[in-house]
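A.B. asks: The structure is given below, and queries will be raised subsequently.
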Amino acid sequence: MSHVALLAWILFAPLAAAALNGLLALRSARVPVPVEGHHLRPMDRLAAGIGVAGPLAAAVAAWSLGFAFLARDRSLRLTELDLGTWFSMGQAHVTWLFRVDPLSLVMVLVVTTVGTLIHLYSVGYMAGDAGFPRFLTWLNLFTFAMLVLVTARDLVVLFLGWEGVGVCSYLLIGYWFSDAAKAAAGLKAFVVNRIGDLGLLLGMFLLFWSMAPGGQASLDIDLLSAHVTKLSVPLATAAAVLLFVGAMGKSAQVPLHIWLPDAMAGPTPVSALIHAATMVTAGVYMVARMHPLYHHAPAALAFIGSLGALTALVAATVACTQTNIKRVIAWSTVSQLGYMFMGLGAGAFSAGIYHLFTHAFFKALFFLSAGAVIHALHGEEELGRMGGLWSKLRVTGPAFVLAAAANAGLPPLSGFVSKDAILVATWNAHHPVWFAVGLLTAGLTAFYSFRLVALVLAGPPRDAHLAEHAHEAGWAMTLPLVLLAVGAVGAGVLEWPHELGGTLWFSAWLEPVFYPSLDHGVHANAVVDIILTVGSVAVVATGAAIGFSLHARDGASTGAPLTGLQGLWATVKRGWHVDEVLERVVVRPVVFSSRAAAPFLDFLLGWGARGFVQGLALAGRGLAVAQSGLARHYAMVMLGGLVALVAWAVLSGGR
Amino acid sequence: MNTQLATYLPLAPLALLVLGALLALLLVPSVRHGDPDRTMAWHAGMVNLSALVLSVTLWVRPVIGMEPVGATGAFRATYMGGALVVDSLSLLLVALASAGALLVLPGLMAAADRGSFAHGELHALLLFAVAGSGVVASAGDVFTGFLGLEIVALSVYGLVGLDRSRPGAHEAVLKYLLLGAFASAILLLGMAFLFGATGSLSLGRLQAAAVHLPPARHGLVMLGLAAMVAGLAFKVAAAPFHMWSADVYEGAVTPLTGFMATVVKVTAFVFGLRLLVAGLAGVGTDWQPLLAALAAASMVVGNLMAMNQRKPKRMMAFSSVVHTGYMLVGLAAAAGSTGTDAVQALVVYLVAYLLTNLAAFGCLDVLERNGGLDGAMQRNPGLATAFVVALLSLVGFPMTAGFLGKYMVFSVAFGAGLGWLGVLAILSSMVSLAYYMPLLFRVLSGALPSPAAPPSLATGERVALAVSSGLVLVLGAGILAVAGWMVPGAHWVAQWALQSGAVLLP
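Chains as they are written, first to last, in our numbering: chain A, 1 to 655; chain B, 1 to 506.
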């Protein structure tokens with residue numbers, strides 16, 4: 001099959017699956033739901049088949065394309081699918097141009113491969129749910145939108161994917177809509193992401209109009225990249241920072257990270273797919289994709305790295321204190337995303353993308369095995385009622401340990417390789433502070449990962465009754481765990497360090513993309529690299545040992561490990577109160593102003609009107625003159641407007 | 001055909017509408033046989049359809065008497081000493097108004113069946129409203145424009161009050177009439193000032209006179225301008241001249257609300273384009289801050305009010321105030337730029353807005369009759385899909401007409417040096433999600449009300465909703481070539497909009 005046809009398969013197989021499942025969802029609403037247990041209706045079986053086949057076909061096409069690329073010369077690893085003009089008006093010209101190059105293909109492989117496994121897992125996880133085909137429809141649609149995002153060649157088309165994954169994720173977070181907490185979580189994700197989108201859009205418009213004088217008014221990424229050096233540095237920095245604000249929202253960077261832990265209210269497969277492997281990494285991808293712009297704006301890059309380092313550290317501390325299994329992993333994801341941005345900030349674009357790649361496997365594994373634990377405990381998510389499950393969960397247990405170890409960065413797992421690449425890059429890029437923060441974060445990561453392992457699997461059960469009835473899930477859930485575990489362990493081979501006898505295949509693969517950017521000279525000195533690596537492994541191993549031994553004891557609590565730490569523990573557990581502060585500064589004013597301002601506005605306008613009409617006598621009962629309903633008040637407001645307009649005209653025009 | 005007569009051919013769509021409306025008046029009392037309601041509906045439908053087809057045909061294939069303007073393929077024909085003009089922009093408005101009337105017709109007929117008002121008057125008034133729109137479309141003179149606007153307004157007053165059984169209809173029509181009279185007086189006042197300053201009301205001559213204006217008269221022109229902008233702001237429901245709209249929209253039957261929110265508003269905007277961009281271009285860009293202020297006020301007030309509405313229809317009323325704000329952003333940008341970009345963007349927005357709101361109000365009408373919004377996707381997937389498309393377009397989601405319009409308008413705002421207004425507009429469209437998304441959620445996953453009755457929906461309503469929401473998608477997706485199959489809708493609209501800009505600029 002030609003490369004273009006493969007690209008078409010990658011894009012449209014998930015879309016076709018979404019369409020078919022959409023039709024099934026409409027039909028199945030009329031079929032009664034089994035009352036008890038995890039049984040699939042015949043229609044659900046069909047939906048499951050379609051829902052898994054779509055991303056699977058895309059994954060097969062993506063791997064075929066990957067191998068086809070490998071057989072080609074480096075400079076020829078590019079395929080474009082042109083579907084014509086979207087719109088062309090005035091200076092704005094946008095085309096439906098989808099492009100796969102080595103960078104996009106990495107993202108496509110992650111989205112389709114990890115995506116397929118998560119789709120399969122969710123068949124087992126969601127079985128018996130009344131809206132099963134509807135759930136799969138949105139999951140398929142999400143996959144399609146994500147693929148549009150990572151293959152778009154125009155920023156406007158990228159924005160289409162960006163908003164598409166957003167809408168799908170709100171629908172999936174708020175999946176059981178009767179639940180108020182889930183609806184609230186959906187709303188929160190929504191409000192915070194709007195702030196990010198505002199930045200992204202402003203950045204896009206700024207780029208568009210600042211390129212206009214040079215005759216390059218376009219948002220075609222390749223064209224922008226080619227001409228970005230013509231921009232003045234302050235302008236490029238402003239655009240780069242604005243675009244990054246969009247990435248902060250999507251990829252949950254401080255202080256826009258607050259939505260991600262709450263989004264855990266959604267079903268666990270959704271958390272694995274959207275909030276670990278794919279959507280939240282869209283910001284990292286976008287920054288890497290726009291690397292010539294960031295290369296041209298070093299200040300923006302420094303900002304990204306600093307914010308990434310801050311996020312990595314803050315989120316890692318919070319993850320140490322959480323008592324809900326999913327929230328630990330969610331905070332861990334925020335932390336790892338910060339790590340990726342720290343790598344990008346150091347100019348190590350391929351190291352950042354590599355961490356994105358390995359993270360997709362081990363974090364999806366982490367979430368899915370956590371989901372299997374929750375499933376085994378009939379929906380229990382609190383660590384305080386877990387423990388002693390190792391002997392019960394023969395597949396999930398080892399998978400969970402592997403995921404934790406990879407997350408912690410223990411050699412020789414994939415997490416070790418990618419984390420080490422970022423740490424070494426920060427050191428070699430002369431950012432010792434980022435390096436120190438990264439090292440500290442690595443220690444904390446190892447601590448909370450193994451704290452989690454100890455609390456879930458080790459020791460005696462904290463809830464004997466729950467542990468008694470714990471059972472392993474069916475093959476649809478365990479098979480993805482096994483396959484993801486293979487990825488989480490083996491993905492490290494692709495970038496195994498030179499010093500340890502490996503080959504940097506992954507960076508070589510991305511080199512044609514990042515060649516003009518800062519990615520050179522990162523591996524400056526082999527001896528220094530080895531010292532750094534040994535040091536970070538020592539820190540990680542210590543963290544892991546402390547985390548495990550403190551919490552594997554009999555009667556270990558989920559609270560502070562030392563009594564002296566309790567005050568600090570409580571503060572950290574509340575996410576350093578960032579949430580409350582932001583809630584007060586950002587979220588509440590939005591909600592509040594709408595509630596408060598409407599009567600206030602009415603009051604203002606209504607009061608003004610009454611003042612004209614009836615004087616002060618009415619001011620006393622002028623409260624709540626909402627849209628008063630009286631024509632004369634409306635007329636008075638109109639008159640006020642007219643007076644203002646005329647006054648303006650006379651004052652400004654009567655020169 | 002006599003060539004002398006043939007030069008009047010471009011006036012055919014307008015003439016057809018006016019004659020059709022007059023004929024409807026004659027038909028109402030005289031049709032006694034068969035089903036009078038049906039006859040009248042056929043009459044109204046055919047007149048509107050012919051006007052639509054005629055105006056599109058004339059745009060595609062201009063006839064004798066239509067002189068080319070510029071290199072874009074735009075053209076213009078003038079009559080009665082310049083009082084009547086037929087150009088690309090007027091044909092577009094006639095097409096939009098008659099298409100709008102066609103799309104609300106099935107809903108209005110259903111409302112007439114349910115309510116207790118006569119079909120005949122309904123169709124006659126609707127035809128007069130469209131004919132008034134046609135007069136505004138062809139206004140080469142400020143006075144012609146005023147005349148057209150008043151024909152539209154009087155017909156719509158009648159339409160609002162037609163359903164006497166409806167609670168709130170009386171109140172709505174009275175409010176609308178009183179405040180409308182006030183606005184018309186302001187508009188006339190502005191015209192008087194303008195006439196006093198320049199000695200002419202012809203848009204062509206205003207353009208010339210404004211350039212050579214003695215400085216002493218400048219203030220008088222600005223005074224006239226301010227008053228006319230205030231009058232037009234009432235017609236388009238821009239804050240703070242918007243307060244009537246929520247009450248009137250709520251008092252009217254929903255399909256009629258759709259007509260008011262779309263055709264009437266778009267008509268007033270086209271007049272605004274003619275007056276401000278073409279007529280007073282010579283005054284310079286002095287009036288840009290005026291429009292920018294109205295735009296900002298409309299976006300802020302509309303959003304804050306819309307967020308607090310419980311009834312979807314009232315919410316939609318305030319949301320259309322917000323959309324007025326976006327359109328004013330486009331108009332303000334047109335003031336500051338010399339090219340056709342801004343006018344083109346605004347015209348695209350007008351088309352997108354018209355289609356989207358026709359779909360949205362149409363769906364709202366049918367859904368509220370059939371068990372409400374909750375869980376509509378499961379009860380009536382086709383209808384709910386149309387509503388979802390309309391909502392996404394209102395939000396400005398990519399791939400819908402609404403996105404295209406917003407993208408264009410916001411973009412020209414930045415290009416015209418109105419960056420702050422552009423930022424406010426983007427912010428406003430982010431905030432607007434707060435009241436559109438709950439509706440989306442309710443339709444997609446809301447709990448089913450217990451008795452899920454099959455929907456009652458006339459075939460005409462089905463067709464109208466399918467057409468309007470389908471066009472929203474066609475316009476949003478642009479020219480999408482899939483396996484050789486082309487959908488060039490957006491291209492045509494863009495072309496038409498471009499030519500509309502070309503005829504306005506000197």
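We put the beta carbon where it would ideally sit given N, CA and C, even for glycine.
All values derive from a computational prediction rather than experimental measurement.
Could you give the residue range of the alpha helix (DSSP H) that holds W59 (chain B)?
C.D. replies: Per DSSP, W59 (chain B) belongs to the alpha helix (DSSP H) from 36 to 60.
A.B. asks: CB-CB under 8 Å to F143 (chain B), same chain, minus the five flanking residues each way: which ones, in chain order?
C.D. replies: For F143 (chain B), where only same-chain residues beyond five positions count, the Cβ hits under 8 Å are A83, M191, L201.
A.B. asks: Please tell me whether A341 (chain B) has its Cβ less than 7 Å away from any Cβ of chain A.
C.D. replies: Note that residue 341 (chain B) is Asp in the sequence shown here, rather than Ala. Closer than 7 Å to some Cβ of chain A, the Cβ of D341 (chain B) qualifies, so yes.
A.B. asks: Count the other CB atoms within 10 Å of the CB of A237 (chain B); is the residue buried (16 or more) or exposed (fewer)?
C.D. replies: Flag for A237 (chain B) reads buried.
A.B. asks: My understanding is that L97 (chain A) touches R153 (chain A), with C-beta atoms under 8 Å, so please give their C-beta distance in whole angstroms.
C.D. replies: Contact holds; Cβ gap of about 4 Å.
A.B. asks: Just reading off the beta strand (DSSP E) that A77 (chain B) is part of, what are its end residues?
C.D. replies: Where A77 (chain B) is concerned, the enclosing beta strand (DSSP E) stretches over 74 to 79.
A.B. asks: Between the C-alpha atoms of L220 (chain B) and L206 (chain B), what's the straight-line distance to the nearest angstrom?
C.D. replies: Rounded to whole angstroms, L220 (chain B) to L206 (chain B) spans 13 Å at the Cα level.
A.B. asks: Which whole-angstrom value is the C-beta distance of I325 (chain A) and A370 (chain A), which I expect to be below 8 Å?
C.D. replies: Contact flag correct, Cβ pair sits at about 5 Å.
A.B. asks: For H323 (chain B), name the three-state secondary structure that DSSP assigns.
C.D. replies: Note: H323 (chain B) maps to helix in three-state DSSP.
A.B. asks: Buried or exposed for T400 (chain B), going by 16 or more other Cβ atoms inside 10 Å?
C.D. replies: Answer is buried; the Cβ neighbour count reaches 16.
A.B. asks: Compute the Euclidean distance between the alpha carbons of A101 (chain B) and P14 (chain A), then round it to the nearest angstrom.
C.D. replies: Approximately 40 Å, taken between the alpha carbons.
A.B. asks: Can you tell me whether F271 (chain B) is buried or exposed, with buried defined as 16 or more other CB within 10 angstroms of its CB?
C.D. replies: Answer is buried; the Cβ neighbour count reaches 16.
A.B. asks: May I ask you to report which of helix, strand or coil DSSP gives H33 (chain B)?
C.D. replies: Note: H33 (chain B) maps to coil in three-state DSSP.
A.B. asks: Return yes when the Cβ of T79 (chain A) is within less than 7 Å of the Cβ of L7 (chain A), no when it is not.
C.D. replies: The answer is yes: Cβ separation under 7 Å.
A.B. asks: Run through chain A and tell me which residues come within less than 7 Å of A230 (chain B), C-beta to C-beta.
C.D. replies: Ordered by position in chain A, the residues that pass the 7 Å Cβ test against A230 (chain B) are G641, L642, L645.
A.B. asks: Quick one, which residues of the region 404 to 438 of chain B are near chain A if we go by CB-CB under 8 Å, in chain order?
C.D. replies: Result list: L404, Y407, M408, F410, S411, V412, F414, G415, G422, V423, I426, L427, M430, V431, L433, A434, M437.
A.B. asks: Can the beta-carbon of A17 (chain A) be found closer than 7 Å to that of G51 (chain A)?
C.D. replies: Taking 7 Å as the Cβ cut-off, A17 (chain A) and G51 (chain A) qualify as a contacting pair.
A.B. asks: In terms of residue numbering, what span does the beta strand (DSSP E) encompassing H430 (chain A) cover?
C.D. replies: It is not in any beta strand (DSSP E) - H430 (chain A) carries neither H nor E in the DSSP assignment.
A.B. asks: Give a yes or no on whether 7 Å exceeds the smallest Cβ distance from K313 (chain B) to chain A.
C.D. replies: Not closer than 7 Å to any Cβ of chain A, the Cβ of K313 (chain B) fails to qualify, so no.
A.B. asks: On the DSSP letters alone, give me the boundaries of the alpha helix (DSSP H) that R379 (chain B) sits inside.
C.D. replies: Taken as a continuous stretch (DSSP letters only), the alpha helix (DSSP H) holding R379 (chain B) covers 376 to 379.
A.B. asks: Would you call D73 (chain A) buried or exposed, if buried means 16 or more other Cβ atoms sit within 10 Å of its Cβ?
C.D. replies: Exposed, since its Cβ has fewer than 16 Cβ neighbours within 10 Å.
A.B. asks: Taking the Cβ atom as the reference point for each residue, do L645 (chain A) and A230 (chain B) lie within a distance shorter than 7 Å?
C.D. replies: Yes.
A.B. asks: Chain B beta carbons: is any one of them nearer than 7 Å to that of W390 (chain A)?
C.D. replies: Not an interface residue.
A.B. asks: Using 7 Å as the limit for Cβ to Cβ distance, is M638 (chain A) near chain B?
C.D. replies: Yes - at least one Cβ of chain B is within 7 Å of the one on M638 (chain A).
A.B. asks: Using a Cβ-Cβ cutoff of less than 7 Å, which residues in the same chain neighbour A617 (chain A) once the five nearest sequence positions on both sides are dropped?
C.D. replies: Any answer about A617 (chain A) is weak, because its pLDDT of 35 lies below 50 and its placement is not dependable; what the coordinates show is given next. Excluding positions up to five away in sequence, the list is empty.
A.B. asks: If you compare alpha carbons, which of B:L373, B:M316, B:L291, B:G204 is closest to L280 (chain B)?
C.D. replies: Minimum Cα distance to L280 (chain B) is reached at B:G204.
A.B. asks: Output, in chain order, the set of chain A residues within a Cβ distance shorter than 7 Å of W492 (chain B).
C.D. replies: Simply none; closest approach about 12 Å.
A.B. asks: Under a three-way DSSP split, which group does L83 (chain A) fall into?
C.D. replies: Reduced to three states, the DSSP call for L83 (chain A) is strand.
A.B. asks: Please name the residue, chosen from A:G492, A:I530, A:T441, that lies closest to N428 (chain A) on a Cα-to-Cα basis.
C.D. replies: Checking every option, the nearest Cα to that of N428 (chain A) belongs to A:I530.
A.B. asks: Counting contacts by CB-CB distance shorter than 7 Å, is A485 (chain A) in contact with chain B?
C.D. replies: Output row for A485 (chain A): interface = no.
A.B. asks: Are the beta-carbon atoms belonging to V443 (chain B) and A360 (chain B) less than 7 Å from one another?
C.D. replies: For V443 (chain B) and A360 (chain B), no; Cβs fall outside 7 Å.
A.B. asks: Can you tell me whether DSSP reads N308 (chain B) as helix, strand or coil?
C.D. replies: Here N308 (chain B) sits in coil by DSSP.
A.B. asks: Do you know how far the Cα of V493 (chain B) is from the Cα of L475 (chain B)?
C.D. replies: Roughly 8 Å separates the two Cα atoms.
A.B. asks: If you follow the alpha helix (DSSP H) that T356 (chain B) is part of, which residue opens it and which one closes it?
C.D. replies: Looking at the DSSP string, the run of the alpha helix (DSSP H) that includes T356 (chain B) is 341 to 369.
A.B. asks: Below 9 Å on C-beta distance, what does G397 (chain A) contact in chain B?
C.D. replies: Chain B residues near G397 (chain A): none, gap ~36 Å exceeds 9 Å.
A.B. asks: V287 (chain A) and F244 (chain A) look like a contact to me (Cβ under 8 Å); what is the Cβ gap, rounded to whole Å?
C.D. replies: Right, the Cβ-Cβ distance comes to about 6 Å (below 8 Å), so this counts as a contact.
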